[in-house]
Amino acid sequence: GILRKTSNLLSKLTSYAGIVLEPSISHETIKKVELVHINNYMAMAVIVMDDSIVRTRKIHFENPIEEVELKKICIKLNEKSSRGEVRTFEIESFVKEKGNPVLKSISDKIYQDMEGEFFINGASTIFENKTVEEA
Numbered sequence: 035g036i037l038r039k040t041s042n043l044l045s046k047l048t049s050y051a052g053i054v055l056e057p058s059i060s061h062e063t064i065k066k067v068e069l070v071h072i073n074n075y076m077a078m079a080v081i082v083m084d085d086s087i088v089r090t091r092k093i094h095f096e097n098p099i100e101e102v103e104l105k106k107i108c109i110k111l112n113e114k115s116s117r118g119e120v121r122t123f124e125i126e127s128f129v130k131e132k133g134n135p136v137l138k139s140i141s142d143k144i145y146q147d148m149e150g151e152f153f154i155n156g157a158s159t160i161f162e163n164k165t166v167e168e169a
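Just so you know, the sequence shown maps onto residues 35 to 169 in my numbering.
Below is the structure:
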């Protein structure tokens, strides 16, 4: 993606390691969640944050879930997010409150990797310059 290319470009331009960290969205407010029913054991979550960052997650269910039930869950999540009540770190408490294993699966996937990815290119250049400048 673009962050990986940016890290690579930084490394090439500077002859140093190019390090890029994707922004963390674990405390961002969710604008909307869309749950797309693929089959009774799989769905796709599309999470739109207030700052327009979009994440997608494939969700696998241990027990079958009908499309109608998935839509109801989606509506409940979006009702809370429309009132600004759902931040990514609050999804876990929402799931525990409801005690629903399907919600738990959805929460786990939505929350997964919300800290952002880390990209590094040209790491070998870190060890090439043997002189160390002291501050």
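Backbone N, C-alpha and C fix where the C-beta goes; we use that ideal spot for every residue, glycine too. From a predicted model like this one, the values you see are computed outputs, not experimental measurements.
Leaving out five residues on either side along the sequence, give the residues of the same chain with a beta carbon under 7 Å from the beta carbon of residue i.
i	result
ASN74	PRO98, ILE99 and GLU100
LYS65	VAL82, MET83, ASP84 and SER115
If you drop the 5 nearest sequence neighbours on each side, which residues of the same chain put their C-beta closer than 6 Å to that of residue i?
i	result
HIS71	ALA77, GLU101 and LEU104
Since residue i and residue j are thought to touch, with beta carbons under 8 Å apart, how far apart are those beta carbons, to the nearest angstrom?
i	j	result
GLU96	VAL80	About 22 Å; that fails the 8 Å criterion.
Compare the Cα-Cα distances from residue i to each of the options and report the closest residue.
i	options	result
ILE53	LYS114, ILE109, LEU37 and HIS94	LEU37
If you run the structure through DSSP and keep just helix, strand and coil, what is residue i?
i	result
ASN73	strand
ILE107	helix
ILE36	helix
GLU171	Outside the shown range of the chain, which is 35 to 169, sits residue 171, and nothing can be said about it.
SER41	helix
Looking only at its chain, what residues have a beta carbon closer than 8 Å to the beta carbon of residue i, apart from the 5 residues adjacent to it on each side?
i	result
THR48	none
ILE109	none
Checklist entry - Are at least three pairs of beta-carbons, each pair with one atom in the region 76-95 and one in the region 37-44, less than 8 Å apart? => result At 8 Å Cβ cutoff, the stretches do not touch.
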